[in-house]
Each structure stands twice: as C-alpha cells, then as structure tokens.
Amino acid sequence: MCARIGQQPSNSRACLSSQEERFDCEESNELTPWRRPGLTSSVATRLSVEERRAHLIEAAIGLAERKGVASVTTRDVAQAAGVSLGVVHYCFDNKDALMTEVVKTLTADLRDTVDEDPNINEWHDKGIEALRSFIRVALGVMWYDIERTRNRQLLTYEITTYALREGESVPERLGIAREQYAFNDAAVGAILQKATALTATTWTQPVEVMSRLLLSIIDGIVLRWLVDEDSDTVMSLLDRIADILAAQASATR
1 MCARIGQQPS
11 NSRACLSSQE
21 ERFDCEESNE
31 LTPWRRPGLT
41 SSVATRLSVE
51 ERRAHLIEAA
61 IGLAERKGVA
71 SVTTRDVAQA
81 AGVSLGVVHY
91 CFDNKDALMT
101 EVVKTLTADL
111 RDTVDEDPNI
121 NEWHDKGIEA
131 LRSFIRVALG
141 VMWYDIERTR
151 NRQLLTYEIT
161 TYALREGESV
171 PERLGIAREQ
181 YAFNDAAVGA
191 ILQKATALTA
201 TTWTQPVEVM
211 SRLLLSIIDG
221 IVLRWLVDED
231 SDTVMSLLDR
241 IADILAAQAS
251 ATR
C-alpha cells in the first residue's frame, strides 16, 4: 500500500504502518471517478474516513444488487471503489461489518426520504384524524421511494436471508440480521414519535410495539409487491395501515 492510493511506492519509503494505512483511508484515490454529491472536484480530491466509508458502502450496494450478497468479496468492493484492499480492511473489519453498514444505509436512506419531505415537516393539523393523515402521507412518500429502488428492496431481504443461512455455520453472522432489524425498529420508531408529537396525540401502546407492528406489515407488503408488482393493491393496503395505526392512539389534552 502506498502513501497515496494509486501511486507506486518509492524505493525510499515502503508504506507498511497502520498510521500510513489511516492516511490512505483519509486520502482520496486520484484515479477514482467517484464524487460525493454536492462536492466540487477540488473538494472531492480528499475524503474523510466517513466519506470513504460511504464510498465503499455505495460500491458494495451496487455490487450486491448486480451479483448477490453471497458473491460479493471485499476485494470486489475495493476494485469497484478504485481503492486498495487495505483501505477496505482499514475502514471495515471484514465483509460482515461492511454488510451490516449496507443494511443500515438502505434503511437510513428510506427514513431520510420521509424525514426530509416538506409535507411532513410542515404539518400543522392536530388530533387522531390528523395522525391518520400524517401516517398515510408518510407511507406514500416511503412507497414512492420503494417503487423506484426495487433492486435495493430485494437486497434488504437477501441480506437478511444470507445472514440467517450463514449464521448456521458462522453464528456471528446472525448479528447482521439482528442489527438490521434493531436499526429498522429505531428508524421507524423515530418517525412514529414524530407523528404523535406533530399531531398532539399519543400511542396507547409502547412505541417499540408500534414500530415492530408497522415493520412486520411493511415487510410483508414489500415482499409481495416484489413478486406481483401490484401497486394498486398496495395503495389500498397503505390506507388500511393508516387506519390500524391511528386506532392505536389517543388525543392528548
């Protein structure tokens, strides 16, 4: 590994220390065409560790979408990202750690789509009916994103089944699926808490229970849609979900 990724090491300096590997992870690969959205070319020539990790996660997602989770290796990710294998292993301990961050990124992207929607953030109506409307709008925003990222949705199920299957022989891999659902619970729970805060309502059940309920329903709906792509039926189901959740809340005084 050289001091700057993509350059050959000089005879006078071999890049072997962990400190130099850290430098590699923080520096950009000048041969890599990837640019973080919003960055100018002058800024994009240098990446922080977190930006480098995000770059590698996106490379891993693209590979997994095309060839399946089980077939992806850290060497593949390094090649796709245009960096050395050492950079991948500095930023992530192993493939399992990388896949764990992949599923978190997929969930965070969907959560952020809802959080950043202007209709959600400018909500002013109060009461149970307002809560129902809020939920339906949020579900609609979420579903729009799901429909346009079909392969990514399929990938979330594949990572789960990969972790469960591989976990039979490598128990540590069960952690990928468990962290995936724990992160999902927290992300959905945050949206449900926002819903009641904005509508002056409260859940009659713990938010953790409500989050698990909603996730279980959505998991099934998305999987069925991946099979039959019946979006019209999904729209009706989203109406019913809003009814079911709103029935589990009461107005605050």
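Mind the numbering: the sequence shown is residues 1 to 253 in full-length UniProt numbering, read in order. Here a beta-carbon is modelled for each residue, glycine too, at the ideal position from N, C-alpha and C. Owing to the predicted nature of the structure, the values given are computational and were not obtained by experimental measurement.
**Prompt:** Over what stretch of residues does the beta strand (DSSP E) that includes Ala247 continue unbroken?
**Reply:** Boundaries for Ala247: no beta strand (DSSP E) harbours it, and the DSSP string shows neither H nor E there.
**Item:** Exposed unless 16 or more other CB atoms sit within 10 angstroms - verdict on Glu229
**Value:** Residue environment for Glu229: exposed (fewer than 16 other C-beta atoms within 10 angstroms of its C-beta).
**Request:** Compute the Euclidean distance between the alpha carbons of Thr233 and Trp225, then round it to the nearest angstrom.
**Result:** Distance between the alpha carbons of Thr233 and Trp225 is about 9 Å.
**Request:** Report the residue ranges of all alpha helix (DSSP H) runs contained in full by the segment 162-248; include only those spanning at least 4 residues, in chain order.
**Result:** If only complete runs of 4 or more residues are kept, the segment 162-248 shows the alpha helix (DSSP H) at 174-199, 207-228 and 231-246, in order along the chain.
**Request:** Within the same chain, show all residues whose beta-carbon is closer than 7 Å to that of Gly140, passing over the 5 residues directly before and after it, in chain order.
**Result:** For Gly140, same chain residues with a beta-carbon under 7 Å away, outside a window of 5 residues either side, are Leu238 in chain order.
**Item:** Nearest-angstrom Cα separation, counted from Val170 out to Glu179
**Value:** If I take the Cα positions, the gap works out to 16 Å.
**Request:** Determine the DSSP secondary structure at Ala70, reduced to helix, strand or coil.
**Result:** DSSP places Ala70 in coil when its eight states are reduced to three.
**Asked** Which first and last residues belong to the alpha helix (DSSP H) in which His89 is found?
**Response** Segment Leu85 to Cys91, the alpha helix (DSSP H) holding His89.
**Prompt:** Can you tell which of Val72, Val222, Ser211 and Asp117 has its C-alpha closest to the C-alpha of Ile244?
**Reply:** For Ile244, the nearest C-alpha among the options comes from Ser211.
**Request:** Along the alpha helix (DSSP H) that carries Ser48, what are the first and last residues, could you check?
**Result:** Taken as a continuous stretch (DSSP letters only), Ser48 belongs to no alpha helix (DSSP H), as it is neither H nor E.
**Request:** Can you tell me which of Pro206, Thr156, Arg52 and Asp115 puts its alpha carbon nearest to the alpha carbon of Tyr90?
**Result:** Here the closest residue by C-alpha is Arg52.
**Prompt:** Based on the DSSP output, what are the partners of Ala251 in its beta bridges?
**Reply:** The beta-bridge partner set that DSSP reports for Ala251 consists of Thr201.
**Straight-line Cα distance separating Val49 from Phe23** = Caution is warranted here: a pLDDT of 36 is assigned to Phe23, below 50, making its placement in the model unreliable, and no coordinate value can be reported.
**Prompt:** Cβ of Leu215 within 8 Å of Cβ of Asp185?
**Reply:** It is a contact, given that the beta carbons lie within the stated cut-off.
**Message:** With distance defined between alpha-carbon atoms, name the residue in Tyr157, Arg173, Leu154 and Thr156 nearest to Ala163.
**Reply:** Comparing Cα positions, the closest option is Arg173.
**Item:** Where Asn94 falls: helix, strand or coil (DSSP)
**Value:** Per DSSP, reduced to three states, the secondary structure at Asn94 is coil, with no helix or strand assignment.
**Request:** Within its chain, find whatever has a CB closer than 7 Å to the CB of Gln193; leave out the 5 residues flanking it on each side and keep chain order.
**Result:** Taken in chain order, the residues that qualify are Val207.
**Prompt:** In terms of residue numbering, what span does the alpha helix (DSSP H) encompassing Trp143 cover?
**Reply:** Element bounds for Trp143: Ile128 to Glu147.
**Request:** Leaving out five residues on either side along the sequence, give the residues of the same chain with a beta carbon under 7 Å from the beta carbon of Gln248.
**Result:** Excluding positions up to five away in sequence, the list reads Trp203, Thr204, Gln205 and Met210.
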